[in-house]
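Note sheet for the following structure.
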Amino acid sequence: MAEKVLMKGNEAIAEAAIMAGCRHYFGYPITPQTEIAAYMAKRMPKIGGCFLQAESEIAAINMVYGAASAGVRVMTSSSSPGISLKGEGLSYMAGSDLPALVINVQRGGPGLGGIQPSQSDYFQSTRGGGHGDYHMIILAPASVQEMASLTFKGFDLAEKYRMTAMILADGTMGQMMEPVSLEMGEINEHDKSWAVTGTKMARKHNIINSLSLIPEELEQQNFDRYARYKKVEENEVMYEEYLMDDAEICIVAFGIAARVSRNAINEARAQGIKVGMIRPITLWPFPKDALDKAADTCKAFISVELSMGQMIEDVQLATKCRRPVTLCNRAGGMIPSPEEVLQAIKEAKGGLE
Amino acid sequence: MAKVTFATDLCKGCGLCVEVCPKKILRLNKEKLNAKGHYPAEMTDQDACIACAFCATMCPDCVITVEK
Amino acid sequence: MAIVFEKPKALANVPLHYCPGCTHGIIHRLVAEAIDALGIEGTTVGVAPVGCSVMAYNYFNCDMVEAAHGRAPAVATGLKRAMPENIIFTYQGDGDLASIGMAETVHAATRNENITVIFVNNAIYGMTGGQMAPTSLPGQVTQTSPYGRDVKHCGWPVKVCEMLAQLEGPEYLERVAVNNVKNIRNAKRAIQKAFENQINNKGFSLIEVISSCPTNWGMTPQKALQWIDDNMIPYYPLGVYKDRSAEQEKA
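Residue numbers (the numbering used here), protein chains in the order written: chain D, 146 to 498; chain S, -9 to 58; chain U, 100 to 350.
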């Protein structure tokens, strides 16, 4: 068994990124993710890497764009308002098919909002976040261990599909301390022949670009990109099932909401209610098939979220609205308590009788 | 002996070369249109050319090659 | 016969899309000539802006990146930090560099980021059809200052070299013009120096090039070059605004 160390979620992300071969970090301070920048600032100079505090979130994501163009593993991290600022860069990265890892340790919004945990950037991240047709691979850790392992995997997926991958965490996950195994395995090598590393006078010039003024060509680029997205949807969906074998009621929750829900499920089971959970680990691609299949047997669904109800729409779509889906939520930095989730389970159970 | 050649189809007929030529031996040929539909620049007296390359220096489109 | 003047090798063999008489083409050529002279085409990566020169990525034979509007210095920073041995330049217009990208410009300069910035100042937004630029002159008529730029209403032009010269950071700042042969030759020297500074790890070098926009100024190409002499250069004096290495040698 691998040796475990006690780490904060944000630090686990930073260390896993370094283990994944990331040697370039560009960011701008914002609560509640600043530990990532602080960790990188300490570590990068010691290992020949580059930590640079940018003048803004916009500059940081464009530095990421530049370093990604050079074909190196690069990341930035921020929290909700900062991610909005990065939206421009994220769209350009998608249009230029550049791989990178972006961390969003979410806080409550809209606007400046608060600094307490939230999941209210679900729509923003799973739908792209910036302008134009595109997706990012959205990974939702529910433990400090997953903060590390999904960061490691995120770099690999980003390079494999030439996309931006995003860790969609929240303030609780970022601040939480848990034992972590940092055995991450091998780094996969991916093709980088597209990178702008200088022609060495040995090839035609490479161009990293998202401009395409001929609509037929731009349309074709979108078609090609979405063909690649389809492969991601076919191959990279991740989710965890909990007590789903005989479940009548299915909770859908990710991140911190899934941890709270687990406690509520255990209590409900003790009271004889057959409830289980599907925890999406990839929010895009969303585990549609797993939910659709669950709707064959489960009679009711509950979406537990730290938002006004965003993922619930994907649950309704995935289950094709065949079963009632209710929302159990808190917003603005509040977290649903296990009692609140248990109450939602009981109400769903009541609706079945 | 100097020789000035024009990549005629790249010329946009802006006339900056005509204006800058100290020998006044360039002109826009109003009798002809190039592939882009411009009146292209041309040399009227090759023998008078001193290969100063002022024309090529001012040309925004790298139309002109100068040899000596 | 020997070649006196020919198209530089680093400039791609494709027609430029610029309007007749637009001096962007001259500035492209000067950049390519510097790349040729220093033998750095194989290691150079250029960053194109948004604006008239948005398609500059097609015009240079070195590797190229197209940046979001104003972000070229940040993109160049990412490239340079990832590949310190490569030569990185940006090519930006006045709207890109001095308006929407002002923060990126100032901070790349103050970090003395080891990059070369070619800043084309023609006092107007060309690509979108002639709107007021951060560098449009007081009283200048544009599509969005139809009664002339009223400095009481929309402020004064930004003098980029003068402003950046106040910073400790940058290595080299010079303003040149391309409206006559003498100025073009001087611009060529300045641009080459800006690349040499990067090769010698001296840091941030910005060459502001006063350029013309006959189409949106509503003039013939010849009149536009004269307008640079009569109006632009008096407001934007040519010369070296900062040369840290020269200052240090003197001291």
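For glycine and all other residues, C-beta sits at the position ideal for the given N, C-alpha and C. Predicted model, so just to flag it, every value in this text is computed and none were measured.
Asked	Found
Let me know the alpha helix (DSSP H) ranges lying completely inside the region 272 to 331 of chain D, each 4 residues or longer, listed in chain order.	289 to 306 and 316 to 320
Between the C-alpha atoms of residue 225/U and residue 170/U, what's the straight-line distance to the nearest angstrom?	18 Å
From the beta carbon of residue 240/U, is the nearest beta carbon of chain D less than 9 Å away?	no
Within 9 Å of any Cβ in chain D, is that where the Cβ of residue 342/U sits?	no
Check whether the Cβ of residue 0/S lies closer than 9 Å to any Cβ atom in chain U.	yes
For residue -4/S, is the classification buried or exposed, using 16 other Cβ atoms within 10 angstroms of its Cβ as the cut-off for buried?	buried
Start and end of the alpha helix (DSSP H) containing residue 119/U?	Per DSSP, residue 119/U belongs to no alpha helix (DSSP H) and is neither H nor E.
From the DSSP secondary-structure annotation, give me the bridge partner or partners of residue 397/D.	423/D and 448/D
Any idea if residue 264/D is buried or exposed, counting beta-carbon neighbours within 10 angstroms, 16 or more meaning buried?	buried
Would you kindly work out how many angstroms separate the C-alpha atoms of residue 217/D and residue -8/S, rounded to a whole number?	51 Å
Using the C-alpha atoms, what's the distance from residue 232/U back to residue 179/U?	29 Å
Runs of 4 residues minimum, wholly inside the region 147 to 185 of chain U: which ones carry the alpha helix (DSSP H) assignment?	171 to 181
Under 9 Å, do residue 356/U and residue 126/U count as touching if we go by C-beta distance?	In the structure as shown, chain U begins at 100 and stops at 350. Residue 356/U is therefore absent and cannot be evaluated.
Which runs of the alpha helix (DSSP H) at least 4 residues long sit entirely within the region 346 to 408 of chain D? Give them in chain order.	360 to 380
Beta-carbon separation of residue 228/U and residue 315/U under 9 Å?	yes
Can you find a CB in chain A that lies within less than 9 Å of the CB of residue 51/S?	You won't find chain A in this structure, because its protein chains are D, S and U.
For the alpha helix (DSSP H) holding residue 260/U, just list the boundary residues, first then last.	259 to 263
Residue 339/U bridges to which residues according to DSSP?	273/U
Please look up how many angstroms separate the CB atoms of residue 270/D and residue 313/D, rounded, as I've assumed it's under 8 Å.	5 Å
Taking only three categories from DSSP, how would you classify residue 492/D?	helix
Would you kindly work out how many angstroms separate the C-alpha atoms of residue 264/U and residue 349/U, rounded to a whole number?	18 Å
Between 256/U, 269/U, 149/U and 261/U, which lies nearest to residue 206/U when the distance is taken from Cα to Cα?	269/U
Around the Cβ of residue 276/D, are there at least 16 other Cβ atoms within 10 angstroms (buried) or fewer (exposed)?	exposed
If you draw a straight line from the C-alpha of residue 299/U to the C-alpha of residue 142/U, how long is it?	14 Å
Taking contact to mean 3 or more Cβ pairs, one atom from each stretch, closer than 8 Å, check whether the region 220 to 237 of chain D and the region 181 to 191 of chain U are in contact.	no
Note down, one range per segment and in chain order, each alpha helix (DSSP H) of at least 4 residues found wholly within the region 272 to 308 of chain U.	280 to 298
Beta-carbon within less than 7 Å of residue 486/D's beta-carbon, same chain only, minus the 5 sequence neighbours each way: which residues are those?	405, 406, 409, 449 and 473
Decide if residue 320/U is buried, meaning its Cβ has at least 16 other Cβ atoms within 10 Å, or exposed.	buried
How would you call residue 203/U, buried or exposed, if buried means at least 16 neighbouring beta carbons within 10 angstroms?	buried
Between which residues of its own chain and residue 172/D is the CB-CB distance below 6 Å, once the five residues before and five after are set aside?	182, 205, 221 and 222
In whole angstroms, what separates the C-alpha of residue 311/U from that of residue 220/U?	8 Å
Under 9 Å between the Cβ atoms of residue 444/D and residue 393/D?	yes
When the distance is taken between beta carbons, is residue 170/D closer than 9 Å to residue 162/D?	yes
Are the beta-carbon atoms of residue 153/D and residue 321/D separated by less than 9 Å?	yes
Give me the DSSP bridge partner(s) of residue 473/D.	449/D
Indicate whether residue 213/D and residue 342/D have their beta-carbon atoms separated by less than 9 Å.	no
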